[in-house]
Ligand code: NAD
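Numbering (the numbering used here), first residue to last: 32 to 386.
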């Protein structure tokens with residue numbers, strides 16, 4: 032029976048790389064029925080919402096989606112579609128592997144780490160108070176009354192909630208992931224010395240939950256020190272577990288350690304639904320030129336195949352990517368080549384076929 036999969040091409044380079052992923056997946060011969068659903072700024076103009084219900088309904092039906100990046104206006108405009116999707120579908124865990132691939136260069140030949148990012152809480156919870164608004168004026172009064180704090184009248188505020196419940200499930204997820212994948216250590220990044228009641232909850236809950244996994248080492252480290260270790264000796268890292276914002280920043284950093292955003296895949300997982308998407312954004316600087324690196328979304332698609340229990344096809348896609356990267360004759364400009372997105376995708380698809 033065909034796997035029903037929602038495809039959200041996204042915007043910017045999204046449609047270009049999503050098409051590339053489709054070319055590669057078709058070559059695996061895994062039977063996939065695509066339900067293509069547009070979302071983002073153009074949809075906002077047409078339908079009044081950048082994330083119409085039909086997109087969520089489709090993913091609730093298929094339970095699985097492959098998604099290209101979607102642009103978020105900076106500072107003003109609609110809220111991030113990506114964040115809304117993760118919250119609506121309760122995709123509480125982001126998995127972002129960073130592995131050194133052949134032919135890519137870089138200073139870390141043996142890197143193989145995975146960032147597990149909490150995806151629903153923290154400063155991404157969407158609790159925002161706009162500078163000068165009525166709500167912010169009331170918040171200022173409350174803070175004065177409750178804490179004796181005088182908030183600057185020209186301040187905007189973002190609230191950072193981190194709960195025991197929200198942390199417990201991501202900690203269990205990270206340790207289960209480590210166990211299933213033969214990994215030995217989970218490094219928890221935090222800033223609990225400063226944010227005692229948010230990062231403090233994250234750290235204390237992680238420490239308590241880790242006792243159920245005596246076979247996996249827990250390492251707790253302040254996130255600034257983690258940044259230093261990632262610049263210095265990233266090979267010493269295995270699984271890195273982080274609250275939402277640190278996870279976002281550190282996973283881009285790790286992508287940079289292993290050849291750039293064009294190569295970094297990701298998965299957003301919850302108990303019921305799974306959305307696979309590259310770490311990178313819509314890359315407006317190169318959109319429409321056909322030069323985006325398709326590897327990040329193709330490797331995200333391989334993670335999706337494994338999730339759909341198509342393990343052989345997943346491994347075949349990963350091997351084909353490795354082959355094309357190692358041969359270097361069909362790679363995109365970010366990797367020093369001259370191939371277009373579709374040429375590289377076709378080379379990966381061709382590398383899938385028996386020689
Ligand atoms: P970006 O990831 O889009 O781009 C950063 C840099 O990496 C750019 O120079 C870009 O050209 C390069 N790059 C990214 N993907 C590449 C690829 N596949 N091949 C070659 N080069 C690639 O980050 P940004 O510029 O900060 O964000 C642009 C937009 O994307 C913003 O609106 C942001 O909110 C959005 N965004 C969306 C997602 C998502 O949909 N999950 C994730 C991150 C950013």
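All C-beta atoms, glycine included, are put in the ideal place defined by N, C-alpha and C.
With 16 other Cβ atoms within 10 Å as the buried cut-off, status of residue i
| i | result |
| --- | --- |
| residue 233 | buried |
| residue 177 | exposed |
| residue 386 | Only weak support is given to the placement of residue 386: the predicted model assigns it a pLDDT of 49, under 50, and the question is left unresolved by the model. |
| residue 100 | buried |
| residue 153 | buried |
| residue 256 | exposed |
| residue 55 | buried |
| residue 372 | buried |
| residue 173 | exposed |
| residue 160 | buried |
| residue 39 | buried |
| residue 225 | exposed |
| residue 379 | buried |
| residue 138 | exposed |
| residue 360 | exposed |
| residue 64 | exposed |
| residue 243 | exposed |
| residue 158 | exposed |
| residue 43 | buried |
| residue 241 | buried |
| residue 262 | exposed |
| residue 369 | exposed |
Any non-hydrogen atom of ligand 1 within 7 Å of residue i CB
| i | result |
| --- | --- |
| residue 270 | no |
| residue 113 | yes |
| residue 186 | no |
| residue 230 | no |
| residue 369 | no |
| residue 69 | no |
| residue 242 | no |
| residue 314 | yes |
| residue 97 | no |
| residue 44 | yes |
| residue 125 | no |
| residue 50 | no |
| residue 317 | yes |
| residue 280 | no |
| residue 100 | yes |
| residue 209 | no |
| residue 220 | no |
| residue 79 | no |
| residue 62 | no |
| residue 293 | yes |
| residue 119 | no |
| residue 34 | no |
Of the residues the options, the one placed nearest residue i, counting alpha carbons only
| i | options | result |
| --- | --- | --- |
| residue 303 | 123, 382, 153 | 123 |
| residue 214 | 171, 255, 271 | 271 |
| residue 336 | 68, 89, 60, 120 | 60 |
| residue 2 | 48, 41, 50, 90 | Because the chain is modelled from 32 through 386, residue 2 falls outside the range shown and cannot be assessed. |
| residue 183 | 50, 164, 192 | 164 |
| residue 48 | 381, 382, 296, 356 | 296 |
| residue 290 | 244, 128, 333 | 128 |
| residue 275 | 168, 35, 197 | 197 |
| residue 193 | 205, 225, 216, 156 | 156 |
| residue 98 | 264, 46, 131 | 46 |
| residue 253 | 243, 223, 228, 81 | 223 |
| residue 134 | 301, 362, 84, 230 | 362 |
| residue 200 | 132, 237, 73 | 237 |
| residue 211 | 352, 187, 247 | 247 |
| residue 94 | 118, 36, 81, 364 | 36 |
| residue 229 | 273, 342, 268, 260 | 273 |
| residue 88 | 75, 103, 69 | 69 |
Check whether residue i and residue j have beta carbons under 8 Å apart
| i | j | result |
| --- | --- | --- |
| residue 185 | residue 162 | yes |
| residue 284 | residue 324 | no |
| residue 219 | residue 251 | yes |
| residue 307 | residue 332 | yes |
| residue 329 | residue 146 | no |
| residue 51 | residue 357 | no |
| residue 217 | residue 206 | yes |
| residue 301 | residue 120 | yes |
| residue 383 | residue 34 | no |
| residue 288 | residue 265 | yes |
| residue 279 | residue 130 | no |
Below-8 Å beta-carbon distance, residue i vs any chain B residue
| i | result |
| --- | --- |
| residue 234 | Included in the structure is just one protein chain, with no chain B present. |
Can you list the beta strand (DSSP E) stretches of 3 or more residues lying completely in the stretch 240-317, in chain order?
248-253, 270-273, 298-300, 305-307
Going residue by residue through the stretch 42-122, where are the continuous beta strand (DSSP E) segments of at least 3 residues, counting only ones entirely within it?
63-67, 95-98
Note down, one range per segment and in chain order, each beta strand (DSSP E) of at least 3 residues found wholly within the stretch 195-222.
216-221
With a floor of 4 residues, list each alpha helix (DSSP H) that falls wholly inside the stretch 319-349, ordered by position along the chain.
326-338
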